[in-house]
Amino acid sequence: MESFVREAASVDVASSLRELREARGISMRTLATKSGLSANALSMIERGKTSPSVSTLYKLADALGVSITAFFGPETEKKQVVF
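Residue numbers (the working numbering): 13 to 95.
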């Protein structure tokens, strides 16, 4: 019997966070204030020195006005499926 091994897709939350923040013209300090996180914590996340928890991602998504899925890649167009 063959065994299939799947590797987890690599997700670069650090780059996604920086891109989302810069695209909105928000400074790190402003995002820290809006999200309730420290500027130091945001810096560590953006530099890839630490991984954010799910609750931290929710805070950041809310502060940036995006869905939490925005950190995991581009949103795909939703298509209507008719059965």
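Glycine included, C-beta positions come from ideal geometry on N, C-alpha and C.
Owing to the predicted nature of the structure, the values given are computational and were not obtained by experimental measurement.
Query	Result
Kindly provide the ranges of any alpha helix (DSSP H) runs that are 4 or more residues long and lie completely inside the region 23-82, ordered along the chain.	25-35, 40-47, 51-58 and 66-76
Quick test of your reading: Leu-49 and Lys-71, contact by CB under 8 Å. State the CB separation rounded to the nearest angstrom.	6 Å
Smallest Cα separation from Leu-76: which of Asp-24, Ser-27 and Gly-37?	Gly-37
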